[in-house]
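Peer 1:
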Amino acid sequence: SGARVRRAQNTKLSQYLERGVDVKFTDVAGLGKIRLELEEIVKFFTHGEIYRRRGVKIPGGILLCGPPGVGKTLLAKAVAGEAGVNFFSISASQFVEIYVGVGASRVRALYQEARECAPSVVFIDELDAVGRERGLIKGSGGQERDATLNQLLVSLDGFEGRGNVITIASTNRPDILDPALVRPGRFDRKIFIPKPGLIGRVEILKVHARKKPMAEDVDYAAVATMTDGMVGAELANIVEVAAINMMRDARTEITTDDLLQAAQIEERGMLDKKERSLEIWKQVAINEAAMAVVAINFPDLKNIEFINIAPRAGRELGYVRVKMDHIKFKEGLLSRQSLLDHITVQLAPRAADEIWHGEDQLSTIWAETSDNARSAARTLVLGGLSDKYYGVSNFWVADRIDEIDTEALRILNMCYGRAKEILEGNRKLMDAVVDTLVEKKSLNKQELIDLVELHGCIRPAPPSV
Ligand code: ADP
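See below:
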C-alpha cells in the first residue's frame, strides 16, 4: 500500500505509545466498503505531500462510530500498521478525573508525545466520555470535563502541516458529542461500523480461524447463523473457547461442533457476565417497567409478551417485548394514534428517570429509546399526520426542516407529558413491577396482568394532536 512512512525513533519514555502494533487490514473482517475509506486515511500518511500540493484538506480527526466490540480499536491500529506509523492510545474515561486539571494535562502530554514521534495515529477510545456537550453536566465534575474537552479542541486545532498526526476516536454515541468537536477541521469525518451481518460473521470467524487447526469441513455459515447479534469481539472469543474445547478432549482439530458449543457458552456467558449492583439492576428495571406500564395503556401496544432485564446477546440493557405490529410500523401503515402511542412508550424511560431520580440525576439509559421517539415524531410530521400539517405529505423540502423539527418537538413534548402523567398516576404499579423485575429479572405476560389487577392501572384519555 504505497510508500511506508519513516517512524520517528524518539520513542523513549512515552506513556501513551503502544509498541509493536502490527495489525493489518486483512486482520479486520466483514467491513465491505468501509475498508476503502480507511485505506484513504492511510494515504494521508503515505502520500500526504500529494494531498497537500493539490490543496486537498486532510481531516483533523476521524470518528469511528459503532457499538462495543465491532473492531473500532482494531481498525485504528490497522491504519497505523498499514501506514507504518506510531500508535498512541488513551481511553477518554481516563481523562475524566476528579482532580481538576489532570484530564487537560493528560491530553496535552498525549499530543506532545504524538507530535514528537510523528507520524502517528492518536486513538481516543470512548470519546463520548469526555466529548459530551459542554455545560450538560452540573457540578465540579462537569467543569473538569469541560476543561479537558477544551484542551482537546485546542490540541486538535494546533497542528501546522496536518497529516503528521491524525486523531481517530471511537464512540457509540456520535449524537451526544459537543458540536464544537465535529466542526470542520476537527472530527469532520464520521465512519459508521455496524454490527456484522451473516456474511460478515462468517468472514470474522474465518479471520480468527486462520491461525488455528481447523477441521477442513467446518461449517462457518452454521456458526454465523447461531450467532446473530454478536460482534467481532464475541466471535473471536468463540474461536478461542472452541480451541480450548479441542485441547481438553486431546483432539488435533477444531470442529463445527466445538464452535457451536462455544457459541452457546458465549451466549450464556453474556447472560450472567454483567455483575450488576442492585442500584444498576433497579435502574434498568425502572427503564423497562416504564415502557411496559405506559404500553399497557394503549390498544396497539398492550400485547406485552414479556419484560426482561437480564443482559442478552447484542443488548446492553433489558428489553420489553411488545407485540406491536412491527411490520406495519416499518412500512408506515400504523395509524396516527398508534404512532403517538409508540412515541409515548419510547419516551417513558426518560420520563421515569426524571420521576424516580430527579432532573439533576438523569442518566442516559434512555438515550436509545428517545432516539426512537424522535425519529417516529419526524415520520409522523413528514407523513402529514400531525395537526398542523395534516395531509401535507410532501415535506422533503430543505428549507422546511426547521418547521418539521418544531412540529416534531411539539409532538414529543406532548407525548412526554403524557408518559409522565401515566407513570405518575401508576406509581404503585410501577414500584411493584420494578421490585419484581429486580428480584426475578423477568416478568411474563400473566405475571404483569396479575400485578395490574392487584394495583390497578389508571388510563388517561387520549389527547388530540
Ligand atoms: P471496539 O474498539 O469496537 O470496541 P475492538 O477493536 O476492541 O472493538 O475489538 C476487540 C477484538 O475483537 C479485536 O481485537 C478482534 O480480535 C476482535 N474483532 C472485533 N471486530 C473484528 C472484526 N471486524 N474482524 C476481526 N476481528 C474483530
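Position 101 of the sequence shown, counted from 1, bears residue number 484 in full-length UniProt numbering, the numbering being contiguous throughout. Glycine is no exception: its CB is placed at the ideal position from the N, C-alpha and C atoms. These numbers come from a predicted model, not from an experiment.
Alpha carbon to alpha carbon, what distance is there between residue 725 and residue 554?
Peer 2: C-alpha separation (whole angstroms): 28 Å.
Peer 1: Determine, using beta-carbon pairs with one atom in the segment 554–563 and one in the segment 435–451, whether at least three such pairs fall under 8 Å.
Peer 2: Touching, yes.
Peer 1: Excluding sequence positions up to five away, which residues of its chain have a Cβ less than 6 Å from the Cβ of residue 808?
Peer 2: So the qualifying residues of the chain are 841.
Peer 1: Who are residue 444's beta bridge partners in DSSP?
Peer 2: Answer by DSSP bridge pairing, in chain order: 550, 570.
Peer 1: Beta strand (DSSP E) containing residue 826: first to last residue?
Peer 2: Looking at the DSSP string, the run of the beta strand (DSSP E) that includes residue 826 is 825–827.
Peer 1: Any heavy atom of ligand 1 within a distance shorter than 8 Å of the CB on residue 606?
Peer 2: Result no, Cβ not under 8 Å from ligand 1.
Peer 1: What are the boundary residues of the alpha helix (DSSP H) that residue 582 is part of?
Peer 2: Residues 581–592.
Peer 1: Closer than 8 Å is the cut-off here; do at least three beta carbon pairs connect the segment 660–668 with the segment 809–821?
Peer 2: A contact exists between the segment 660–668 and the segment 809–821.
Peer 1: Tell me whether residue 613 sits in a helix, a strand or coil according to DSSP, three-state version.
Peer 2: In this structure, residue 613 counts as coil in the three-state DSSP scheme.
Peer 1: For residue 472, which of helix, strand or coil comes out of DSSP?
Peer 2: Correct three-state label for residue 472: strand.
Peer 1: Going by DSSP, what residue range makes up the alpha helix (DSSP H) through residue 511?
Peer 2: Taken as a continuous stretch (DSSP letters only), the alpha helix (DSSP H) holding residue 511 covers 511–514.
Peer 1: Candidates 485, 476, 426: which alpha carbon is nearest residue 502's?
Peer 2: Checked all of 485, 476, 426; the closest Cα to residue 502 is 426.
Peer 1: With hydrogens ignored, establish whether the beta-carbon of residue 587 is closer than 8 Å to any heavy atom of ligand 3.
Peer 2: Among the ligands modelled here, namely ligand 1, ligand 3 does not occur.
Peer 1: Could you say which of 803, 768, 805 lies nearest to residue 787 if we only look at CA atoms?
Peer 2: Nearest C-alpha to residue 787: 768.
Peer 1: Assuming residue 406 and residue 461 are in contact, meaning their beta carbons sit under 8 Å apart, how far apart are those beta carbons, in whole angstroms?
Peer 2: At roughly 5 Å, the Cβ-Cβ gap stays under 8 Å, so residue 406 and residue 461 are in contact.
Peer 1: Go ahead and pull the three-state DSSP assignment for residue 599.
Peer 2: Three-state result, residue 599: coil.
Peer 1: I'd like to check one pair, residue 597 with residue 627: are the Cβ atoms closer than 9 Å?
Peer 2: No, Cβ-Cβ distance for residue 627 and residue 597 is not below 9 Å.
Peer 1: What is the rounded straight-line gap between the Cα of residue 582 and the Cα of residue 551?
Peer 2: Roughly 27 Å separates the two Cα atoms.
Peer 1: Suppose contacts are defined by Cβ-Cβ distances below 9 Å. Is residue 584 in contact with residue 539 by that definition?
Peer 2: It is not a contact, given that the beta carbons lie outside the stated cut-off.
Peer 1: Have a look at residue 472 and residue 400 and give me their C-alpha separation to the nearest angstrom.
Peer 2: Spanning the two alpha carbons is a distance of roughly 7 Å.
Peer 1: Ordered along the chain, which non-local residues of its own chain (more than five positions away) have a Cβ less than 8 Å from that of residue 676?
Peer 2: So the list reads 731, 805, 806, 809, 812, 813, 816, 840, once near-sequence residues are dropped.
Peer 1: Would you give the residue range spanned by the beta strand (DSSP E) that residue 506 belongs to?
Peer 2: Its beta strand (DSSP E) spans residues 503–508.
Peer 1: DSSP three-state call for residue 400: helix, strand or coil?
Peer 2: Note: residue 400 maps to strand in three-state DSSP.
Peer 1: Can you grab the Cα-Cα spacing for the pair residue 679 / residue 498, in whole Å?
Peer 2: Their backbone Cα atoms lie some 58 Å apart in a straight line.
Peer 1: Quick check: does the Cβ of residue 615 come within less than 8 Å of any heavy atom belonging to ligand 1?
Peer 2: It does: the Cβ of residue 615 is within 8 Å (strictly closer) of some heavy atom of ligand 1.
Peer 1: So for residue 681, helix, strand or coil by DSSP?
Peer 2: Three-state result, residue 681: coil.
Peer 1: Taking Cβ positions, are residue 613 and residue 645 nearer each other than 9 Å?
Peer 2: Against a cut-off of 9 Å, the Cβ pair of residue 645 and residue 613 comes out as no contact.
Peer 1: Does DSSP classify residue 555 as helix, strand or coil?
Peer 2: Of the three classes helix, strand and coil, the one that applies to residue 555 here is coil, per DSSP.
Peer 1: Could you spell out the range, first to last residue, of the alpha helix (DSSP H) harbouring residue 463?
Peer 2: Unbroken alpha helix (DSSP H) run through residue 463: 455–466.
Peer 1: In the DSSP assignment, the alpha helix (DSSP H) including residue 740 goes from what residue to what residue?
Peer 2: Segment 719–740, the alpha helix (DSSP H) holding residue 740.
Peer 1: DSSP on residue 637, reduced to helix/strand/coil?
Peer 2: Strand at residue 637.
Peer 1: Using CA atoms only, rank isn't needed, just tell me which of 495, 486, 548 is closest to residue 530.
Peer 2: If we check each option's Cα against that of residue 530, 486 comes out closest.
Peer 1: Cβ of residue 590 versus every heavy atom of ligand 1: is any distance shorter than 8 Å?
Peer 2: Within the cutoff, so yes.
Peer 1: Just reading off the alpha helix (DSSP H) that residue 426 is part of, what are its end residues?
Peer 2: That run of the alpha helix (DSSP H) goes 417–429.
Peer 1: Given that a residue counts as buried once 16 or more other Cβ atoms are within 10 Å of its Cβ, and exposed if not, what is residue 495?
Peer 2: Exposed.
Peer 1: By how many angstroms is the C-alpha of residue 799 removed from the C-alpha of residue 376?
Peer 2: Because the chain is modelled from 384 through 848, residue 376 falls outside the range shown and cannot be assessed.
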